[in-house]
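Trainee:
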Amino acid sequence: MKRLFAPLLVTVAVLFVAAPYFIAEAPYESTMGLVQKIFYFHVPSWMAMYTAIAVCALGSAVFLFKNNKTADAYAVAGAEVAVLFGLMGLVSGPLWGRKAWGVWWQWDVRLTTALLMELIFVACLLVRKYGGPGSEKLAAATALFGGATAPFVYKSVDIWRTVHPKTSVVPELLKGSMPGSGLPFALSAIGFVLLATLLMMVRVNLAKRQMALDELYLDYEE
Amino acid sequence: MFLRTALLVLRKDAAIEAKSWEVLTTTVFFAVSAVLVFSFAFVKEGEPLEDAAAGILWIAVAFSGTLALGRTFERERYAETLRALLLAPAPRPALYVGKLLGILLVLGIAELLLTPLVALLFHAALFARPALMAALLVTGTAGFACVGTLFAAMLVRARSRDVLLPILLYPITIPVIIAGVRGTSALLASPPDEATAVMWIGILTAFDVVFVTLSLWAFEPLMTD
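In the order they appear, the protein sequences are chains A and B.
Here this note's numbering = 1-based position in the first sequence + 16.
Here this note's numbering = 1-based position in the second sequence + 153.
Below, the structure written as structure tokens:
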């Protein structure tokens, strides 16, 4: 854990000190006003989820084809963190939608597919827990398919006409479409992705120790 | 070699099925009962709700497909015949393709009965554009079945496989079902909206390509202990 102290300090500094200050200073959006500030948490949550999905899918693929146990540890960590940040995105989204669209939930393509993506990774964890021996491979296959749907979810707003804003919002914002909001957004995004990375590192560590313990048990029994 | 193995597996399944008719009769009967259950929900004062037919057709296909997948592989588990199949000196992906073709055959026959039934009971013009409707059914069923075959084959060894199959299968295949439903309801509109239906067939084909590639790729390592 000592190795993680410095990166943890940076994450805390970004998430709890710098980002809140700059978010508070950021200008109000012209039509939505204060609620638009959910944006600084909503989009970074999904960015953190996509990071976790990438780790999970890559870990699963390596585990499946190379039978590498360490890769499996990354797959578990990725799946759990993906579910966590997906949940944050799914909670913060409706809070914003209630004000912006007047309803909590709208069955448009982006919202539906995002919910599905969350469900795929929940299913992945369920299989791991209740599937019995050999379920890691099942979970890995589920994660592989989940990883394949992730790009569809990301691009869905550009393909179909949805109420949800398009993917171009973020690059435009960073280029200065809304002066004063690029910096707080960048800070939040970095903070969330850092937090997700740290959580995954801790979880990988835990999984590795569990594996070592299991092996010790097996050796002891022999 | 590849194609011959796949066809041999298909012939084996068809021969067993021709003796017992177990999977086909249960699947078709279940699909019909599912349609009847939906009729209670979507018929108001003797008139079916607009657009209900598309959803009913596809959900009946998905539900009965899950049942067929479960039964087909339960049979392989019974006398460890799946292990015997995997021991055969044949390319593993060919075994997968053979099983997939078997499932597609069962689902195809079920759909041949189901589609006219839904059209009849819910006054839906499912046969206004037969070619497009057939294309939707073929691409949609293929997308559903190729993921289903992979997961059902893997679950043969797992505990509580009956519960886990739908849990894993539905989140992954719902995009396929949605595309099928949207495409079908575009065809049901009067006049039929051909451009939209073709767009959904294109999306279904894209899903099929991704899912079949992933399944063929993952079948070998997944079925090795």
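Even for Gly, the Cβ is constructed at its ideal location relative to N, Cα and C.
Keep in mind the model is a prediction, meaning the values are calculated, not measured.
Check the Cβ-Cβ distances between leucine 229 of chain A and every residue of chain B, and say whether any is below 8 Å.
Mentor: Leucine 229 of chain A does not count as touching chain B.
Trainee: At which residues does the alpha helix (DSSP H) containing serine 151 of chain A begin and terminate?
Mentor: From DSSP, the alpha helix (DSSP H) with serine 151 of chain A extends over 151-175.
Trainee: Just list the residues that DSSP pairs proline 201 of chain B with in beta bridges.
Mentor: Proline 201 of chain B pairs with B/Val196.
Trainee: Just to make sure I have the definition right: I need the residues of chain A whose C-beta is within less than 8 Å of the C-beta of alanine 371 of chain B. Which are they?
Mentor: Within chain A, the residues near alanine 371 of chain B are Leu80, Ala157 and Leu160.
Trainee: According to DSSP, simplified to helix, strand and coil, what is glutamate 45 of chain A?
Mentor: Glutamate 45 of chain A falls in the strand class under three-state DSSP.
Trainee: Along the chain, where does the alpha helix (DSSP H) containing methionine 63 of chain A start, and where does it finish?
Mentor: Where methionine 63 of chain A is concerned, the enclosing alpha helix (DSSP H) stretches over 55-82.
Trainee: Is there contact here, the segment 135-150 of chain A with the segment 189-204 of chain A, by at least three beta-carbon pairs under 8 Å?
Mentor: Judged by Cβ distances under 8 Å, the segment 135-150 of chain A makes no contact with the segment 189-204 of chain A, as fewer than three pairs qualify.
Trainee: Would the beta-carbon of tryptophan 120 of chain A fall within 8 Å of that of leucine 127 of chain A?
Mentor: Not in contact: tryptophan 120 of chain A and leucine 127 of chain A (Cβ atoms no closer than 8 Å).
Trainee: Counting C-beta neighbours from all protein chains within 10 Å, is the total for glutamine 226 of chain A 16 or more, i.e. buried, or is it exposed?
Mentor: With fewer than 16 other Cβ atoms within 10 Å, it is exposed.
Trainee: What is the rounded straight-line gap between the Cα of tryptophan 211 of chain B and the Cα of valine 190 of chain B?
Mentor: Using only the alpha carbons, I get a separation of about 14 Å.
Trainee: Could you round the C-beta distance between proline 43 of chain A and glycine 162 of chain A to whole angstroms and report it? I think they count as a contact, below 8 Å.
Mentor: In fact, because the Cβ distance is near 37 Å, the residues do not count as touching under 8 Å.
Trainee: Is arginine 282 of chain B buried or exposed, if buried means 16 or more other CB atoms sit within 10 Å of its CB?
Mentor: When all chains shown are included, arginine 282 of chain B counts as buried.
Trainee: Alpha carbon to alpha carbon, what distance is there between lysine 85 of chain A and alanine 2 of chain A?
Mentor: Nothing can be reported for residue 2 of chain A: it is not among the residues displayed for chain A, which extend from 17 to 238.
Trainee: Count the other CB atoms within 10 Å of the CB of glutamate 134 of chain A; is the residue buried (16 or more) or exposed (fewer)?
Mentor: Buried: at least 16 other Cβ atoms inside 10 Å.
Trainee: Where does the unbroken alpha helix (DSSP H) through lysine 224 of chain A begin, and where does it stop?
Mentor: Counting along the chain, the alpha helix (DSSP H) containing lysine 224 of chain A begins and ends at 198-237.
Trainee: Report the option in A/Ala70, A/Tyr170 and A/His58 whose CA atom is closest to the CA atom of alanine 156 of chain A.
Mentor: Considering only alpha carbons, the answer is A/Ala70.
Trainee: Along chain B, in chain order, which residues have C-beta atoms closer than 7 Å to that of alanine 164 of chain A?
Mentor: What alanine 164 of chain A touches in chain B: Val363 and Leu367.
Trainee: Find the nearest neighbour of alanine 290 of chain B within the set B/Ser338, B/Ala159, B/Ile320 and B/Glu203, judged by alpha-carbon distance.
Mentor: Looking at the sequence itself, residue 290 of chain B is leucine, so the reference to alanine does not match. Out of B/Ser338, B/Ala159, B/Ile320 and B/Glu203, B/Ser338 has the C-alpha closest to the C-alpha of leucine 290 of chain B.
Trainee: Name the chain A residues whose beta carbon is nearer than 7 Å to that of alanine 311 of chain B?
Mentor: Gly147, Gly148, Gly150, Ser151 and Leu154, listed in chain order.
Trainee: Quick check on aspartate 346 of chain B: does DSSP put it in helix, strand or coil?
Mentor: Here aspartate 346 of chain B sits in coil by DSSP.
Trainee: Which residues of the segment 296-309 of chain B have a Cβ closer than 8 Å to any Cβ of chain A? Give them in chain order.
Mentor: Listed by position along the chain: Val300, Leu303, Phe304, Met307 and Leu308.
Trainee: Closer than 7 Å by C-beta to methionine 307 of chain B: which residues in its own chain qualify, once you throw out the five before and the five after it? Chain order, please.
Mentor: Only Leu375 meet the Cβ criterion.
Trainee: Does DSSP put methionine 307 of chain B in a helix, a strand or coil?
Mentor: Methionine 307 of chain B falls in the helix class under three-state DSSP.
Trainee: Could you say which of B/Thr302, B/Thr294, B/Leu321 and B/Ser343 lies nearest to isoleucine 330 of chain B if we only look at CA atoms?
Mentor: Isoleucine 330 of chain B has its Cα closest to that of B/Thr294, out of B/Thr302, B/Thr294, B/Leu321 and B/Ser343.
Trainee: Does the segment 256-268 of chain B come within contact of the segment 170-181 of chain B, defined as at least 3 CB pairs closer than 8 Å?
Mentor: The segment 256-268 of chain B vs the segment 170-181 of chain B: in contact.
Trainee: Less than 8 Å between the CB atoms is what I'm expecting for valine 125 of chain A and arginine 219 of chain A, so what's the real figure, rounded?
Mentor: The pair is not a contact, with the Cβ atoms about 31 Å apart (cut-off 8 Å).
Trainee: Is alanine 139 of chain A close to chain B? Criterion is C-beta to C-beta, closer than 8 Å.
Mentor: Yes, contact with chain B.
Trainee: What do you reckon, are the CB atoms on glycine 223 of chain B and phenylalanine 297 of chain B nearer than 8 Å?
Mentor: Their beta carbons are not under 8 Å apart, which means glycine 223 of chain B does not touch phenylalanine 297 of chain B by this criterion.
Trainee: What separation, rounded to the nearest whole angstrom, lies between the Cα atoms of proline 344 of chain B and phenylalanine 275 of chain B?
Mentor: Distance between the alpha carbons of proline 344 of chain B and phenylalanine 275 of chain B: 18 Å.
Trainee: Within 10 angstroms of the Cβ of phenylalanine 360 of chain B, are there 16 or more other Cβ atoms? Answer buried if so, exposed if not.
Mentor: Flag for phenylalanine 360 of chain B reads buried.
Trainee: Could you tell me which chain B residues have their CB closer than 7 Å to the CB of valine 143 of chain A, listed as they occur along the chain?
Mentor: Near valine 143 of chain A (Cβ distances below 7 Å), the residues of chain B are Leu317 and Leu321.
Trainee: Give me the Cα-Cα distance between tyrosine 323 of chain B and glycine 301 of chain B, rounded to the nearest whole angstrom.
Mentor: Roughly 9 Å between the two C-alpha positions.
Trainee: Would you please verify whether the beta carbon of proline 328 of chain B is less than 8 Å from any beta carbon of chain A?
Mentor: Chain A contact via Cβ: present.
Trainee: Using a threshold of 8 Å, state whether the C-beta atoms of phenylalanine 195 of chain B and alanine 205 of chain B are closer than that.
Mentor: Taking 8 Å as the Cβ cut-off, phenylalanine 195 of chain B and alanine 205 of chain B qualify as a contacting pair.
Trainee: Taking Cβ positions only, does proline 324 of chain B come closer than 8 Å to chain A?
Mentor: Taking Cβ atoms only, chain A reaches closer than 8 Å to proline 324 of chain B, which makes this a yes.
Trainee: When DSSP labels each residue in this structure, what does threonine 389 of chain B get in the three-state scheme?
Mentor: Outside the displayed span of chain B (154 to 378) sits residue 389 of chain B, for which this structure offers no information.
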